[in-house]
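Number 17 in the UniProt record's numbering belongs to position 17 of the sequence shown; there are no gaps in the numbering. Each remark here refers to the structure printed beneath this line.
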Amino acid sequence: MLSVSDLTASYGAIRAVRGISFTVASGSLSVILGSNGAGKSTTLRSIAGLHRPIGGSVMLDGSNIARLALHNVVRAGLALVPEGRMVVAPLTVEENLLLSRFSGRKGTGDTLARVFDLFPRLKERRTQPSGLLSGGEQQMLAIGRALMTEPRVLLLDEPSMGLAPSIVDVVFEAIVALNRQGQTILVVEQNAAIALSVCDYGYVIKRGEIVVEGTPQALRENPEVLEAYLG
Ligand SMILES: Nc1ncnc2c1ncn2[C@@H]1O[C@H](COP(=O)(O)OP(=O)(O)OP(=O)(O)O)[C@@H](O)[C@H]1O
Ligand SMILES: [Mg+2]
């Protein structure tokens with residue numbers, strides 16, 4: 001279980017995350033919804049060791065990983081699929097996946113096969129430069145690269161960003177399939193409709209604070225969520 005308590009993060013004088021608390025139960029698919037600039041990426045980056053929070057704790061299965069160096073966060077079992085995917089364009093698909101070998105949290109030899117099972121498209125294109133992939137394929141690759149570290153919790157930052165609706169569906173089908181295999185997942189999204197259609201539990205973040213939380217059914221019926229995110 002991932003348990004975040006009173007997380008606070010800033011950029012100089014800008015307080016981007018203002019003391020937020022939430023949990024991601026083992027085996028769950030949880031989401032944090034929020035519009036532009038709400039603090040979603042800062043939250044994920046602070047948990048994943050890419051941004052140093054100024055306060056709060058991040059407990060992963062009982063140990064506090066807040067403020068650990070990035071490589072130690074990965075070793076502890078968190079992997080982030082970053083906003084904008086960040087695949088290494090000149091490297092092939094397979095090379096991008098194998099880069100995760102250097103994370104210090106090596107998967108078993110089967111992990112590559114598992115990624116190719118989940119995304120047959122990546123297997124077909126494994127010798128091609130990643131920069132030639134479509135946006136959807138690059139998103140699959142970014143997810144695959146994170147899976148190569150066999151994370152206890154997979155963090156995804158706006159997987160739907162910049163993708164055509166039909167491709168968003170394909171990416172989310174893969175996220176659901178992974179979750180069904182037992183993978184614990186936290187997704188942050190602006191696309192509330194798709195996120196609420198797949199998650200077990202959701203939080204809404206606004207100006208760095210969690211303003212509503214609940215089951216997807218409850219969130220869909222919440223007037224504030226309806227107006228701001230599902231209108
Ligand atoms: N590097 C930075 N320097 C200064 N301010 C930043 C920086 N990154 C983010 N911010 C500010 O922090 C706040 C939260 O930004 P963040 O990127 O976490 O939001 P977000 O919810 O991920 O937004 P988006 O949907 O656009 O990705 C915003 O006000 C943003 O302008
Ligand atoms: Mg963001």
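Ideal Cβ placement from N, Cα and C applies to all residues, glycine included. Computed from a predicted model, the values in this text were never measured in an experiment.
Could you give the C-beta distance for Leu-186 and Arg-220, rounded to a whole number, given that I count them as a contact under 8 Å?
Their Cβ separation, rounded to whole angstroms, is 19 Å, which puts Leu-186 and Arg-220 out of contact at 8 Å.
Does the distance from the CB of Leu-7 to the CB of Val-153 come in under 9 Å?
For Leu-7 and Val-153, no; Cβs fall outside 9 Å.
Cross-strand partners of Thr-23 (DSSP beta bridge):
Ser-3
Would you say the beta carbon of Ile-14 comes nearer than 8 Å to a heavy atom of ligand 1?
yes
Across which residues does DSSP place Gly-214 in a beta bridge pair?
Gly-202
Spatial distance of Leu-156 from Val-81 (CA atoms):
5 Å
Going by C-alpha to C-alpha distance, which of Gly-135, Val-31, Ala-48 and Arg-52 sits closest to Pro-165?
Gly-135
Using CA atoms only, rank isn't needed, just tell me which of Ser-5, Met-161, Glu-83 and Val-171 is closest to residue 266.
Since the displayed the chain opens at 1 and closes at 231, residue 266 lies outside it and no answer follows.
Ranges of the alpha helix (DSSP H) found wholly within the region 84–162, counting only runs of at least 4
93–98, 110–118, 120–124 and 135–147
What's the C-alpha gap between Gly-34 and Ile-210?
One C-alpha to the other measures close to 9 Å.
Spatial neighbours of Ser-63 within its chain, please: CB distance less than 8 Å, with the 5 preceding and 5 following residues excluded, ordered by chain position.
Ala-76
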